[in-house]
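J.: Quick one: the structure is below, and I'll ask about it shortly.
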Amino acid sequence: MTVVATDGRTLDGLTGVLRRIRPRPRWLEFRLLALVAFAVVAGSFSLALTVDGRFGLYDVGATVLFLVALAVAHLAQVLAGRRTDQILLPAVAMLGGISLLLMQRLPQDLVHQTILGVPLGLAEVQLVWLLSGLAIATTLGIVVRSDLWLRRYKYTWAAVGVGLLLLTFLFGTELNGQRLTLQIGPIAGQPSELLKVILVVFLAGYLSENRSLLVQQDSWIGPLRMPPLPYLAPMVAMWAIALGIVVVQRDLGAALLFFGVFLAMLYVATGRISLVIIGLILFVLGSALMAVLFQHVRTRVDIWIDPFADPLGAGYQVVQALHAFARGGLLGVGLGAGLPEIGGVIPIPEVHTDFPLAALGEELGMVGVIAILGLYLVVIERGMRIGAAAADDFRSLLAIGLSLVIGVQAFIIAAGNLKVLPLTGVTLPFISYGGSSILVNSLVVGLLLALSDKGVEPPPAPRVGSRWRRLRRSGVA
Amino acid sequence: MDGFTLVLWAARLLFLALIYLFLARVIRALLRDLRAATREPVDRHGRLIVLESPGGEPMVGRSFGLDVITPLGRDVNNAIVIDDAFASADHAVLTYRGQSWYVEDLGSTNGSYVNGLRVDGVAPFGFGDELQIGEVRMRLERANR
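So the protein sequences, as listed, match chains W and D. Note that our numbering has the first sequence beginning at 1, numbered continuously upward. Note that our numbering has the second sequence beginning at 1001, numbered continuously upward.
What follows is the structure, encoded as structure tokens:
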């Protein structure tokens, strides 16, 4: 990562830092963040009324800490003086605030973790992740000025991603029949979260470099005109490796996410609907084959078709989620008034990771769920706008791909909760409990912020040209 | 319905209302942003930035808005005049077809190069690509940023 001083000189020490500060007000962001603060306070107030029957905030410390962190993030961006997007951060902060309220309200013993010697419950750990995520997004939005570190090394990044997955497969810890978590020393994480970002970086690099070749059509598959096949090969290989490993790891949600983002980016880059049709046919064939070959895939599909066939066994979680949505109705039963446990048993065991939307559907109702889906749409819209305004194809594809990662993932898990798609174990971005998920999605938001800066240096010349010039200068060609 | 229940319901609805107020404000900002983007002139489909020009004509850093058909060459009747010893009178032409740009070499003596590769007839010319005519290097960029 290269940090270029705005005036090109290197200044050291505090005086240097202070001299470089040129504040630029961000009134839109300020007004929107103020609304987020009001909403979080109102939610906390409502939670305290419902649960404890008293007037006040449910957890004063956590709420104040969250709001102070938002203010610090805003102030840091004002002082940095970059012309980055002002809507993205408030939208994500609203999702984070809703997440904090939900985690405060769920049974705290769902998670036990000790951070720096302090034992913490569900809401406290989630607060730590949310604050770290906010720090990551803000820092990236301020610091990243060049995209060379992503643009130049796309094959290296792809190799890192595949390496991470192989490591997980070999040394990962198994949980619920899925080998997803990698533990290195005290740090544990889910590499497939990071892999989705790496996939977008690779696809953006590859597609922007070969866009003109991919649009050429000189081979035929049946009635469909296709680009020259050799140019599709590395991409399909990347997709097959990601998909294959993910299937081996039994992480269906990630497979669905990778494939959706892959097809969308291919369509954005080439504008050829024939490629999308072929991709969809491949997808349907692949899913049918997997459903025949693998028991765990077939089970998921059977549950999806009829969860009530085994309401106390396989279909238990899905049935409970549907009941939760039904109890919520239009306006919901209110924050804190839902049924997270019946007689000491949690009806939806993975409510904090896989089913937060069901819990929110019960407590905030259809009105609340639609608002939350609207917030994800806002994130996608910002990504599309940043992509449309970008200076070149790489930045454009990167911005669109990154926002689609968040949007498609939210769609997959929301559809899974609502029994629109088979349930897959991906997280609801910024709302589900989980360090890997929140940190990686914050990384995505940070990159989007950096990409949205209009005053940043122009993209570098394409590689082929620079290589050619280097060769000619050295007298080889 | 006692007072407590009323306050309870008021607090619940206030929370939902505030989320919707936030969404409404965001959508207003989004619409304003989109309207501003559509007001920008869109008749230009791209621009050509001069990166290197030993002869000084065109000047380095100059930006040309491109018409759908833009001829380049040493002749003064070209839309972009390239006063370079290695450029032909009618050197090349840029055309916007469908969704992308193409460069066509008009049989010039020293050829046109896209990203260092010589153009043979018509070649696709993407945003961010570099065009070299004689000793002049230019980069294609999107028009409205």
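Quick reminder that beta carbons are idealized off the backbone N, C-alpha and C, glycines included.
Quick one: list the residues of chain D neighbouring MET103(W), beta-carbon separation under 7 Å, in chain order.
T.: In the first sequence, the residue the question calls residue 103(W) occupies position 103. Within 7 Å Cβ-Cβ: nothing; MET103(W) doesn't reach chain D, min ~16 Å.
J.: Whole angstroms are fine: how far does the CA of TRP27(W) sit from the CA of PRO349(W)?
T.: Translated into positions along the first sequence, residue 349(W) becomes position 349. Translated into positions along the first sequence, residue 27(W) becomes position 27. When rounded, the distance between both Cα atoms is 42 Å.
J.: How many Å lie between LEU289(W) and GLY328(W) at the Cα?
T.: Residue numbering aside, residue 289(W) sits at position 289 when the first sequence is read from its first letter. Residue numbering aside, residue 328(W) sits at position 328 when the first sequence is read from its first letter. Each residue's Cα considered, the two are about 38 Å apart.
J.: Does DSSP put LEU330(W) in a helix, a strand or coil?
T.: As a position in the first sequence, residue 330(W) is number 330, starting the count at 1. Assigned with DSSP and collapsed to three states, LEU330(W) falls in coil, not helix or strand.
J.: Between which two residues does the alpha helix (DSSP H) containing MET366(W) stretch?
T.: Numbered from 1 along the first sequence, position 366 holds the residue referred to as residue 366(W). From DSSP, the alpha helix (DSSP H) with MET366(W) extends over 356–389.
J.: Considering only the alpha carbon of each residue, which of LEU203(W), TYR267(W), ARG250(W) and PRO230(W) lies closest to LEU402(W)?
T.: Residue mapping note: residue 402(W) aligns to position 402 of the first sequence, counting from 1. Measuring from the Cα of LEU402(W), the nearest candidate turns out to be LEU203(W).
J.: Below 7 Å between beta carbons: does that hold for GLU1141(D) and ARG1047(D)?
T.: For the purposes of this step, residue 1141(D) is taken as the residue at position 141 of the second sequence. For the purposes of this step, residue 1047(D) is taken as the residue at position 47 of the second sequence. Yes; because the gap between Cβ atoms is below 7 Å, this pair is in contact.
J.: Pick from ALA389(W), VAL426(W) and SER437(W): whose alpha carbon is nearest that of ALA1036(D)?
T.: The sequence position of residue 1036(D) within the second sequence is 36, counting from 1. The shortest Cα separation from ALA1036(D) among ALA389(W), VAL426(W) and SER437(W) belongs to ALA389(W).
J.: With a cut-off of 8 Å on the beta carbons, I'd call ILE380(W) and GLY407(W) a contact; round off their distance for me.
T.: To locate residue 380(W), count along the first sequence from 1; it is residue 380. To locate residue 407(W), count along the first sequence from 1; it is residue 407. With a Cβ gap of about 4 Å, ILE380(W) and GLY407(W) count as contacting.
J.: Taking the continuous alpha helix (DSSP H) assigned at TYR1102(D), which residues delimit it?
T.: As a working mapping, residue 1102(D) is identified with position 102 in the second sequence. Taken as a continuous stretch (DSSP letters only), TYR1102(D) belongs to no alpha helix (DSSP H), being part of the beta strand (DSSP E) at 1100–1105.
J.: How about the region 137–151 of chain W and the region 74–88 of chain W: do they share at least three Cβ pairs that are nearer than 8 Å?
T.: yes
J.: Quick check: the Cα distance between LEU67(W) and GLY1056(D), rounded to an integer number of angstroms?
T.: Taking the first sequence and counting its residues from 1, one reaches residue 67(W) at position 67. Taking the second sequence and counting its residues from 1, one reaches residue 1056(D) at position 56. Their Cα atoms are separated by approximately 56 Å.
J.: Along the chain, where does the alpha helix (DSSP H) that runs through GLU1052(D) open and close?
T.: Looking up residue 1052(D) in the second sequence gives position 52. Unbroken run through GLU1052(D) is the beta strand (DSSP E), 1047–1052; no alpha helix (DSSP H).
J.: Using a Cβ-Cβ distance under 7 Å, would PHE1086(D) count as near chain W?
T.: Within the second sequence, the letter at position 86 stands for residue 1086(D). Cβ-Cβ to chain W under 7 Å: no for PHE1086(D).
J.: Please identify the residue among ALA123(W), PRO90(W) and ALA91(W) whose C-alpha is closest to the C-alpha of ARG105(W).
T.: On the first sequence, residue 105(W) is found 105 positions in, with the first residue counted as 1. Closest by alpha carbon: ALA123(W).
J.: Please check if any C-beta of chain D sits within less than 7 Å of the C-beta of VAL378(W).
T.: Locating residue 378(W) in the first sequence gives position 378, where the first residue counts as 1. True, the Cβ-Cβ gap to chain D drops below 7 Å.
J.: List the endpoints of the continuous beta strand (DSSP E) containing GLN113(W).
T.: Along the first sequence, one-based indexing puts residue 113(W) at 113. Segment 113–115, the beta strand (DSSP E) holding GLN113(W).
J.: For ALA337(W), name the three-state secondary structure that DSSP assigns.
T.: Residue 337(W) sits at position 337 when you count from the first residue of the first sequence. Three-state DSSP puts ALA337(W) in coil, outside helix and strand.
J.: Got a sec? Which residues, its chain only, sit under 6 Å from PRO1054(D) by beta carbon, not counting five neighbours each side?
T.: Mapped onto the second sequence, residue 1054(D) falls at position 54. So the list reads GLU1135, once near-sequence residues are dropped.
J.: What do you reckon, are the CB atoms on GLY387(W) and ILE400(W) nearer than 7 Å?
T.: Here residue 387(W) refers to the residue found at position 387 of the first sequence. Here residue 400(W) refers to the residue found at position 400 of the first sequence. Contact flag set, yes.
J.: Determine the DSSP secondary structure at GLN190(W), reduced to helix, strand or coil.
T.: For this step, residue 190(W) is matched to residue 190 along the first sequence. Of the three classes helix, strand and coil, the one that applies to GLN190(W) here is coil, per DSSP.
J.: Please name the residues in the region 1031–1058 of chain D whose beta-carbon is closer than 9 Å to at least one beta-carbon of chain W, in chain order.
T.: ASP1033, LEU1034, ALA1037, ILE1049 and LEU1051
J.: How would you call LEU280(W), buried or exposed, if buried means at least 16 neighbouring beta carbons within 10 angstroms?
T.: As a position in the first sequence, residue 280(W) is number 280, starting the count at 1. Under this definition LEU280(W) is an exposed residue.
J.: Which residues share a DSSP beta bridge with GLU1130(D)?
T.: Within the second sequence, residue 1130(D) is the residue found at index 130, counting from 1. According to DSSP, which records beta bridges pairwise, GLU1130(D) is partnered with ARG1139(D).
J.: Report yes if the C-beta distance between ALA1011(D) and PHE45(W) is below 7 Å; otherwise report no.
T.: Taking the first residue of the second sequence as 1, we reach residue 1011(D) at position 11. Taking the first residue of the first sequence as 1, we reach residue 45(W) at position 45. A contact, by the Cβ cut-off of 7 Å.
J.: For the alpha helix (DSSP H) holding VAL1122(D), just list the boundary residues, first then last.
T.: Counted from its first residue, the second sequence places residue 1122(D) at position 122. Per DSSP, VAL1122(D) belongs to no alpha helix (DSSP H); it is in the beta strand (DSSP E), 1122–1125.
J.: In terms of DSSP beta bridges, what is VAL1081(D) paired with?
T.: Along the second sequence, one-based indexing puts residue 1081(D) at 81. According to DSSP, which records beta bridges pairwise, VAL1081(D) is partnered with GLY1073(D).
J.: Among TYR433(W), ASP310(W) and TYR376(W), whose alpha-carbon lies nearest the alpha-carbon of PHE411(W)?
T.: Residue numbering aside, residue 411(W) sits at position 411 when the first sequence is read from its first letter. Its Cα nearest to that of PHE411(W), the residue TYR376(W) stands out among TYR433(W), ASP310(W) and TYR376(W).
J.: Taking 7 Å as the threshold (C-beta atoms), are PHE1004(D) and GLY43(W) in contact?
T.: Taking the first residue of the first sequence as 1, we reach residue 43(W) at position 43. Taking the first residue of the second sequence as 1, we reach residue 1004(D) at position 4. The answer is no: Cβ separation not under 7 Å.
J.: Out of curiosity, what's the CA-to-CA distance linking LEU487(W) and PHE294(W)?
T.: Only positions 1 to 477 of chain W appear in the structure, and residue 487(W) is not among them; the question remains open.
J.: Within 7 Å of any Cβ in chain W, is that where the Cβ of LEU1072(D) sits?
T.: Within the second sequence, residue 1072(D) is the residue found at index 72, counting from 1. No, because no Cβ of chain W sits closer than 7 Å to the Cβ of LEU1072(D).
J.: Just to confirm, is the Cβ distance from ASP1075(D) to ALA1089(D) under 7 Å?
T.: One-based indexing of the second sequence puts residue 1075(D) at position 75. One-based indexing of the second sequence puts residue 1089(D) at position 89. Result yes, Cβ atoms of ASP1075(D) and ALA1089(D) sit closer than 7 Å.
J.: Can you pull the chain D neighbours of GLU362(W), defined as C-beta to C-beta under 8 Å?
T.: Within the first sequence, numbered from 1, the residue matching residue 362(W) stands at position 362. Those do not exist, as GLU362(W) stays about 13 Å from chain D at its closest Cβ, beyond 8 Å.
J.: For PHE1064(D), which beta-bridge partners are listed by DSSP?
T.: The count along the second sequence starts at 1 and reaches residue 1064(D) at position 64. Bridge pairing for PHE1064(D): LEU1048(D) [DSSP].
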